[in-house]
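J.: Following this message is one structure expressed as structure tokens.
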Amino acid sequence: MSCFSCFKCHSKNCDVGVDNGDYPIAVICHYLYSSLWVVFKSKVYFYEKVIKLHRFLFFHGIFLGFRVFSDATSEDLSRGKCVALSNQRANVARSFTFRELAASTQNFKAANLIGEGGFGGVYKGRLESGKLVAVKKLNLHGSQGNQEFIVEVLMLSLLRHSNLVTLIGYCTDGDQRLLVYEYMPLGSLENLLFDLEPHQEPLDWQTRLKIAGGAARGIEYLHCKANPPVIYRDLKSSNILLDRDFNPKLSDFGLAKLGPVGDHTHVSTRVMGTYGYCAPDYAMSGKLTIKSDIYSFGVVLLELITGRKAIDMTKKTGEQNLVSWSRPFLKDRKRFVQLADPLLQDRFPARCMHHAVAIIAMCLQEQANFRPLIGDVVVALEYLASQADFSENRKVSHSSSSKNDTDHIYPAR
């Protein structure tokens, strides 16, 4: 039974059928392999690494986003037929020269720096065509290595969805590692929640629900429409980018992993991710499942509701870890409203707030099997968004509505 049966989810089977695409996977993998082999060209261990890269691309490419071999006949396989991802044209990334990307960013001018982290910097650029892009210049000694670089190119070349960032291209000149994405003018959710400029308005309730719903649909695509499923493994507010209409797109797929297939319940792997977002069961055992992403999504939704960071060392002891701090509130329905971000100024429908916090509580269950499927979360959030819009319209039309109405806007404290 669905965890959100009251929202009437009509699609219990998350796995959808896929049609033959425009590009056979073997062609895509060969293209990526032949383009990316130069990553290791200047290394002493060139031969060994290229062999590993070839194996990596072969196994990931054959299986990622496609039906497993059991769905294809031996005759199909002998003829080299492959079942492609969904019915969409694959996004074959373009190979750029370092000179092209240096020119597009004005030689990586500091004024064009729009983001920075352990991996390196992200710069705003403009291609010769006039198209605005974001160029991620990886630090040679940063946290994102060659394998993460390859995984990201491969994943975003094979996966396409309106809530996943589009990879335009990459550069592997010499030791340089650069990735070129579509430009997202509003930056990351992290910035809009925690680093507002003085002139910026805080996100309102409807926009927060819109962002949560879009991010959930991106995860649903990875979990349900790729076969085997793809586990994102690094869902956090800094990896959710926003276009000018506040439509969210998931970015940074360097840690993504293929999910379990057949009778397997998990993938055993080295624990990776970001402290504060990582599911406790995965952190302790190294057993990765799609429910690991559900926990991370619960943390992001909690950030959206509270306006607090997942980890904030500026807070006093006991409040630095958002999930730990929120546990007493999540267990007491009467205290749900106390989780609300003060910047919302109590402008949210009461019923929607209670349902949103209930979703968070379910996503943050310590035992993975008690967490909901992402399809149920999507249905629940879409329902809440529709109710929030309805309540907003009612507030405009009936400003004198009863204070006892369950859909009223909370009065100021």
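According to the numbering used here, numbering within the sequence shown proceeds without interruption in unit steps and concludes at 1823.
Even glycine gets a Cβ: it sits at the ideal position worked out from N, Cα and C.
Quick caveat, the model's predicted, so the values are computed rather than measured.
Give me the Cβ distance between Asn1573 and Gly1628, rounded to the nearest whole Å; I'm assuming they're in contact under 8 Å.
T.: Translated into positions along the sequence shown, residue 1573 becomes position 163. Translated into positions along the sequence shown, residue 1628 becomes position 218. Yes, Asn1573 and Gly1628 are in contact; Cβ-Cβ is about 3 Å, under 8 Å.
J.: Tell me the start and end of each unbroken alpha helix (DSSP H) in the stretch 1496-1539 that is at least 4 residues and wholly inside, in chain order.
T.: 1508-1514
J.: Looking at the structure shown, is Leu1668 part of a helix, part of a strand, or coil, going by DSSP?
T.: By 1-based counting over the sequence shown, the position of residue 1668 is 258. Three-state result, Leu1668: strand.
J.: With a 10 Å radius around its C-beta and 16 neighbouring C-beta atoms as the bar for buried, classify Leu1606 as buried or exposed.
T.: Within the sequence shown, residue 1606 is the residue found at index 196, counting from 1. With a threshold of 16 other beta carbon atoms within 10 Å, Leu1606 falls short and is exposed.
J.: Measure the alpha-carbon distance for Leu1568 versus Ser1734 and round it to whole angstroms.
T.: As a position in the sequence shown, residue 1568 is number 158, starting the count at 1. As a position in the sequence shown, residue 1734 is number 324, starting the count at 1. Approximately 37 Å between the Cα atoms of the pair.
J.: If you follow the alpha helix (DSSP H) that Tyr1631 is in, where does it begin and where does it stop?
T.: Translated into positions along the sequence shown, residue 1631 becomes position 221. It is not in any alpha helix (DSSP H) - Tyr1631 carries neither H nor E in the DSSP assignment.
J.: Kindly indicate which three-state DSSP category Asn1779 falls into: helix, strand or coil?
T.: Within the sequence shown, the letter at position 369 stands for residue 1779. The answer is helix: DSSP assigns Asn1779 an H, G or I state.
J.: Rounded to whole angstroms, what is the Cα-Cα separation between Tyr1642 and Glu1592?
T.: Taking the sequence shown and counting its residues from 1, the one referred to as residue 1642 is at position 232. Taking the sequence shown and counting its residues from 1, the one referred to as residue 1592 is at position 182. When the Cα atoms are used, Tyr1642 and Glu1592 turn out to be separated by approximately 19 Å.
J.: Quick check on Glu1592: does DSSP put it in helix, strand or coil?
T.: Along the sequence shown, one-based indexing puts residue 1592 at 182. If DSSP states are grouped into helix, strand and coil, Glu1592 belongs with the strands.
J.: My output table needs one value for Pro1759: the three-state DSSP class, helix, strand or coil.
T.: Within the sequence shown, numbered from 1, the residue matching residue 1759 stands at position 349. Pro1759: strand per DSSP, three-state reduction.
J.: DSSP on Lys1701, reduced to helix/strand/coil?
T.: By 1-based counting over the sequence shown, the position of residue 1701 is 291. It is helical.
J.: From Lys1741, Thr1724, Glu1713, pick the residue whose C-alpha is nearest to that of Leu1732; which is it?
T.: As a position in the sequence shown, residue 1732 is number 322, starting the count at 1. Per the Cα distances, Glu1713.
J.: Have a look at Leu1603 and Phe1707 and give me their C-alpha separation to the nearest angstrom.
T.: Counted from its first residue, the sequence shown places residue 1603 at position 193. Counted from its first residue, the sequence shown places residue 1707 at position 297. If I take the Cα positions, the gap works out to 16 Å.
J.: When we look at the beta-carbon of Ser1480 and count the other beta-carbons within 10 Å, is it buried (16 or more) or exposed?
T.: Here residue 1480 refers to the residue found at position 70 when the sequence shown is read from its first residue. Because Ser1480 sits at a pLDDT of 30, beneath the cut-off of 50, its placement in the model cannot be relied upon, and the following sentence gives the value as read from the coordinates. The residue in question, Ser1480, is exposed, as its Cβ has fewer than 16 Cβ neighbours within 10 Å.
J.: Across which residues does DSSP place Cys1581 in a beta bridge pair?
T.: What you label residue 1581 is simply residue 171 of the sequence shown in a count that begins at 1. Looking at the DSSP assignment, Cys1581 forms a beta bridge with Leu1588.
J.: Do Ala1750 and Ile1784 have their C-beta atoms within less than 8 Å of each other?
T.: To locate residue 1750, count along the sequence shown from 1; it is residue 340. To locate residue 1784, count along the sequence shown from 1; it is residue 374. No.
J.: Got a sec, what are the start and stop residues for the beta strand (DSSP E) Leu1660 sits in?
T.: Position 250 of the sequence shown, counting from 1, holds the residue named residue 1660. 1658-1660 is the extent of the beta strand (DSSP E) around Leu1660.
J.: Opposite Asn1731 in the DSSP bridges: which residues?
T.: Residue numbering aside, residue 1731 sits at position 321 when the sequence shown is read from its first letter. In DSSP, Asn1731 forms a bridge with Ile1721.
J.: Give the range of the alpha helix (DSSP H) segment to which Val1561 is assigned.
T.: Working through the sequence shown from its first residue, we reach residue 1561 at position 151. 1556-1568 is the span of the alpha helix (DSSP H), which, as asked, contains Val1561.
J.: The alpha helix (DSSP H) spanning Leu1603 covers which residue range?
T.: For the purposes of this step, residue 1603 is taken as the residue at position 193 of the sequence shown. Unbroken alpha helix (DSSP H) run through Leu1603: 1599-1604.
J.: Give me, in chain order, the residues of the same chain whose beta-carbon lies closer than 8 Å to that of Glu1776; leave out the 5 immediate sequence neighbours on both sides.
T.: Numbered from its first residue, the sequence shown carries residue 1776 at position 366. Excluding positions up to five away in sequence, the list reads Pro1690, Asp1691.
J.: Starting from the C-beta of Asp1722, find all residues in its chain whose C-beta is less than 8 Å away, skip the five residues before and the five after it, and write them out in chain order.
T.: Looking up residue 1722 in the sequence shown gives position 312. Cβ neighbours of Asp1722 beyond the five flanking positions: Glu1729, Gln1730, Leu1732.
J.: With Ala1544 as the anchor, note down where its beta strand (DSSP E) starts and where it stops.
T.: Position 134 of the sequence shown, counted from the first residue, corresponds to residue 1544. Where Ala1544 is concerned, the enclosing beta strand (DSSP E) stretches over 1542-1548.
J.: Going by beta-carbon coordinates alone, are Ala1798 and Cys1762 separated by less than 8 Å?
T.: On the sequence shown, position 388 is the one that residue 1798 refers to. On the sequence shown, position 352 is the one that residue 1762 refers to. Cβ distance < 8 Å, so Ala1798 and Cys1762 count as in contact.
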